[in-house]
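Enquirer: Quick note, the sequences are listed as chains A and B, same order. Residue numbering for the first sequence follows the numbering used here, starting at 1 and increasing by one per position. Residue numbering for the second sequence follows the numbering used here, starting at 334 and increasing by one per position. The C-beta atom is built at its ideal place from N, Cα and C for all residues, glycine as well. Have a look at this one.
2 protein chains.
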Amino acid sequence: MGPYFADDAASLVSDALVGVARAHADLLTLQAEHGYLRARHPAPARRVAVVSGGGAGHEPLHTGFVGTGMLDAACPGRVFASPHNRQIYEASLAVAGSAGVLHVVKNYTGDRINFGIAAERLAHRGVPCARVLVDDDLATESADIAAGRRGTGGTVLIEKILGAAADTGMGLDELAALGTTLTASCRTLAVASAAHTAPTTGAPAFAVPEGAVEYGVGIHGERADHAIQVAGIGSLVEQMTHELLYALAPPAGAQMIVLVNGLGAVTQLELYGIFDALARHLEARGCEVARNLVGNYVTALDMRGFSLTLLVVDDPQTLRYYDAPVRTAVLHW
Amino acid sequence: MGPYFADDAASLVSDALVGVARAHADLLTLQAEHGYLRARHPAPARRVAVVSGGGAGHEPLHTGFVGTGMLDAACPGRVFASPHNRQIYEASLAVAGSAGVLHVVKNYTGDRINFGIAAERLAHRGVPCARVLVDDDLATESADIAAGRRGTGGTVLIEKILGAAADTGMGLDELAALGTTLTASCRTLAVASAAHTAPTTGAPAFAVPEGAVEYGVGIHGERADHAIQVAGIGSLVEQMTHELLYALAPPAGAQMIVLVNGLGAVTQLELYGIFDALARHLEARGCEVARNLVGNYVTALDMRGFSLTLLVVDDPQTLRYYDAPVRTAVLHW
């Protein structure tokens with residue numbers, strides 16, 4: 001057995017996929033040959049399929065969001081590695097609706113390349129395809145980073161809202177435009193007090209000084225460009241909230257959907273305490289927490305850290321999409 | 334900041350309670366003076382209230398199961414410490430239905446004493462009160478252990494089923510008898526490859542040898558009476574399954590509700606792989622996995638371990654209770 005409860009890093013992912021398909025057989029099926037999960041019961045009015053994917057190790061993203069009202073298919077790669085373009089192509093071809101397929105892609109080079117190749121092949125087959133590039137990670141907002149901001153926690157909220165919009169029969173271009181608007185209103189910031197365990201060596205992927213956090217860590221173990229000493233959890237959450245609000249510049253009285261996300265080894269006790277601090281800071285600055293999610297939604301294996309995501313609601317229809325029924329392994333209402 | 338994302342061990346719990354009440358204000362309220370969470374909308378036909386509680390550090394147990402169709406109130410203690418009998422008394426008095434209150438108590442000395450004192454005080458006030466003692470932990474099945482088996486993962490399944498039964502208007506004695514029958518058909522076994530982080534010192538609560546697991550660990554960091562070297566995850570799950578089946582001795586073709594539960598720092602990838610192995614072993618032995626839950630339901634802070642729970646379904650009505658609608662922070666269908 002390796003450092004994880006699996007025989008090795010490869011079977012960690014492959015066994016989990018079989019287990020997800022077995023546990024949630026009412027919701028989805030595993031296409032074993034091409035390595036993707038597919039929803040059993042898309043909404044009848046949905047014309048455009050919604051497909052996502054990315055490296056494994058971030059579960060429940062994306063496999064936990066396949067079902068009715070959210071993703072039609074999810075394509076997992078190996079741990080922290082993009083899925084192969086063939087997976088994406090086959091999944092998209094299998095689920096594409098009468099009006100095509102929307103790819104929700106987190107902004108990483110590998111994912112962009114593989115979703116891009118799949119999209120070209122789909123176009124060649126006459127399947128309309130558009131992309132929403134999610135790039136919500138504030139820590140990578142810098143003119144020096146040519147790749148742009150990374151995609152992270154906000155992906156869950158955007159996939160939920162786009163799924164509900166697709167269920168109304170919305171067309172491909174309109175869905176892509178909605179996704180782009182949502183992404184522009186969404187920022188995430190993550191910290192970690194300990195790295196994840198590297199699946200191959202069993203050692204922490206990096207060291208964090210005692211009493212400090214990596215400030216602006218990524219979900220693949222990308223280190224932040226600095227660690228900060230933490231005086232208290234309240235001041236840490238306040239600083240993060242301040243930076244998110246500065247970047248988003250919401251109008252007075254803005255409504256928000258907030259996600260307090262555990263990166264792996266953080267307890268629910270901590271996450272709910274952090275949520276309370278976040279909500280108090282937001283309210284003190286005149287913002288309204290319209291909806292919230294608190295839990296492990298976009299993880300980095302067993303990293304000891306958390307992320308805060310704010311999505312500013314510019315249009316009341318966004319909340320109606322968010323509230324629309326969903327039936328997946330994780331989101332279910 | 335302490336080893337957890339909280340200022341200290343006390344605020345870890347108290348801040349979380351405020352956060353839970355804020356995040357799930359549609360489902361429950363916090364009674365701050367007496368320190369319990371109370372459901373907002375019990376089912377109209379429910380005559381007997383269902384109340385549980387226990388030490389904190391096991392979230393989402395029990396706070397995540399307060400709402401409609403499950404618990405009327407949850408009384409959290411400090412980390413790994415029983416709630417005070419006053420909390421339990423006040424919560425029970427506040428929610429007791431026309432036919433009294435059922436206490437679901439995990440079998441630990443502190444919990445038994447405090448729920449017992451509360452029950453005596455309730456009887457004194459003329460409030461009928463009965464107890465279901467959950468003692469599903471196979472690792473503590475020994476004639477040498479006077480306290481009996483501990484209560485652990487099975488508590489979630491039993492609280493779900495009893496909540497649905499209470500919603501039908503079932504009376505107190507019948508509910509207590511149902512709970513006792515369910516507990517007799519339910520066993521859990523837990524292993525850990527690393528202990529939780531002690532909230533006061535920041536150090537692991539105990540050491541586990543490299544490549545080994547504590548076999549039969551408790552949810553408060555009670556060590557097992559032995560550690561075993563693990564050849565592979567498949568053989569570990571097979572051994573656990575074998576011991577659970579030996580203890581439960583289910584009839585041929587028995588249906589089961591199974592819970593694969595993360596104790597804190599274990600990833601979803603691991604849990605779903607473990608679930609697949611468990612389901613295969615059960616099917617090979619002629620058992621049917623009728624329902625499953627895979628995730629973090631009864632944790633031990635950030636312990637790196639998992640538990641397997643089997644509940645043998647003796648009566649088809651049990652599955653109907655399990656499937657009945659529930660609306661809590663965690664179970665929601």
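Starting from the beta carbon of B:Glu392, find every residue of chain A whose beta carbon is closer than 7 Å, and list them in chain order.
Expert: In chain order: Thr267, Gln268, Leu269.
Enquirer: With respect to the alpha helix (DSSP H) encompassing A:Leu271, which residues constitute its N-terminal and C-terminal limits?
Expert: 268-284
Enquirer: How about A:Leu259: is its C-beta nearer than 8 Å to some C-beta of chain B?
Expert: no
Enquirer: Classify B:Ala432: buried if its beta carbon has 16 or more other beta carbons within 10 angstroms, exposed otherwise.
Expert: buried
Enquirer: Could you tell me the distance, in whole angstroms, from the CA atom of B:Arg379 to the CA atom of B:Val599?
Expert: 37 Å
Enquirer: Tell me which residues of the segment 617-633 of chain B have at least one Cβ-Cβ distance to chain A shorter than 9 Å, keeping chain order.
Expert: Val622, Asn625, Leu626, Val627, Gly628, Asn629, Thr632
Enquirer: Between A:Val313 and chain B, is the shortest Cβ-Cβ distance under 8 Å, so that the two count as touching?
Expert: no
Enquirer: Which residues mark the beginning and the end of the beta strand (DSSP E) in which B:Pro409 is found?
Expert: 406-412
Enquirer: For A:Glu59, does the three-state DSSP call read helix, strand or coil?
Expert: coil
Enquirer: So which residues on chain A does B:Phe639 lean against when the C-beta distance must stay under 9 Å?
Expert: Within chain A, the residues near B:Phe639 are Phe5.
Enquirer: Alpha carbon to alpha carbon, how far is A:Gln31 from A:Val51? Give it in angstroms, no decimals.
Expert: 14 Å
Enquirer: Is A:Leu59 buried or exposed, if buried means 16 or more other CB atoms sit within 10 Å of its CB?
Expert: The sequence given here has Glu at residue 59 of chain A, not Leu. By the 10 Å Cβ count, A:Glu59 comes out buried.
Enquirer: Measuring only between beta-carbons, confirm whether B:Met334 sits less than 8 Å from chain A.
Expert: yes
Enquirer: Using a Cβ cut-off of 7 Å, pull out every chain A residue sitting near B:Ile607, in sequence order please.
Expert: Phe5
Enquirer: Which stretch, first to last residue, makes up the beta strand (DSSP E) that contains B:Arg371?
Expert: 369-372
Enquirer: With a threshold of 16 other CB atoms inside 10 Å of the CB of A:Asp167, please say whether the residue is buried or exposed.
Expert: buried
Enquirer: Flag A:Ile233 as yes if its beta-carbon sits less than 8 Å from any beta-carbon of chain B, otherwise no.
Expert: yes
Enquirer: Where B:Ala585 and B:Asp468 are concerned, what is the direct C-alpha to C-alpha distance, given to the nearest angstrom?
Expert: 24 Å
Enquirer: Which class does A:Thr168 belong to by DSSP, given the choice of helix, strand or coil?
Expert: coil
Enquirer: Are B:Leu345 and A:Leu293 closer than 8 Å when you measure CB to CB?
Expert: no
Enquirer: Measure the C-alpha to C-alpha separation of B:Val570 and B:Leu615 and round it to an integer number of angstroms.
Expert: Rounded to the nearest angstrom, the two C-alpha atoms are 11 Å apart.
Enquirer: Might you give, ordered along the chain, the residues of its own chain that have their beta carbon closer than 6 Å to the beta carbon of B:Val434, omitting 5 neighbours on each side?
Expert: Ala382, Val384, Ser425, Cys462
Enquirer: Output yes if chain B places a C-beta closer than 8 Å to the C-beta of A:Asp15; else output no.
Expert: yes
Enquirer: Between which two residues does the alpha helix (DSSP H) harbouring A:Asn292 extend?
Expert: Not the alpha helix (DSSP H): A:Asn292 falls in the beta strand (DSSP E), residues 288-295.
Enquirer: Given a cut-off of 8 Å, decide if B:Ala633 and B:Gly606 are closer than it, judged by their beta-carbon atoms.
Expert: no
Enquirer: Report the neighbours of A:Gly334 on chain B: residues whose CB is nearer than 8 Å to its CB, in chain order.
Expert: The structure shown does not extend to residue 334 of chain A, since chain A is modelled only from 1 to 333, so the question has no answer here.
Enquirer: Thinking just about the alpha-carbon of each residue, which of A:Arg320, A:Ala284, A:Met303, A:Leu278 is nearest to the one in A:Leu310?
Expert: A:Leu278
Enquirer: Going along the chain, which residues of the segment 536-566 of chain B sit with their C-beta nearer than 8 Å to a C-beta in chain A?
Expert: Gly544, Val563, Ala564, Gly565, Ile566
Enquirer: DSSP on B:Asn594, reduced to helix/strand/coil?
Expert: strand
Enquirer: On the criterion of 16 or more Cβ atoms from any shown chain inside 10 Å, does B:Pro583 qualify as buried, or is it exposed?
Expert: buried
Enquirer: What separation, rounded to the nearest whole angstrom, lies between the Cα atoms of A:Leu28 and A:Arg38?
Expert: 5 Å
Enquirer: Would the beta-carbon of B:Ala587 fall within 8 Å of that of B:Cys620?
Expert: yes
Enquirer: Which of the three DSSP states, helix, strand or coil, is assigned to A:Ser14?
Expert: helix
Enquirer: By the criterion of Cβ-Cβ separation under 7 Å, what are the contact partners of B:Asp635 in chain A?
Expert: Ala265, Thr267
Enquirer: Is the shortest distance between the beta-carbon of A:Val66 and the beta-carbons of chain B less than 8 Å?
Expert: no
Enquirer: Suppose you measure from the CA of B:Gly638 to the CA of B:Ala527; what does that come to, to the nearest Å?
Expert: Each residue's alpha carbon lies about 7 Å from the other.
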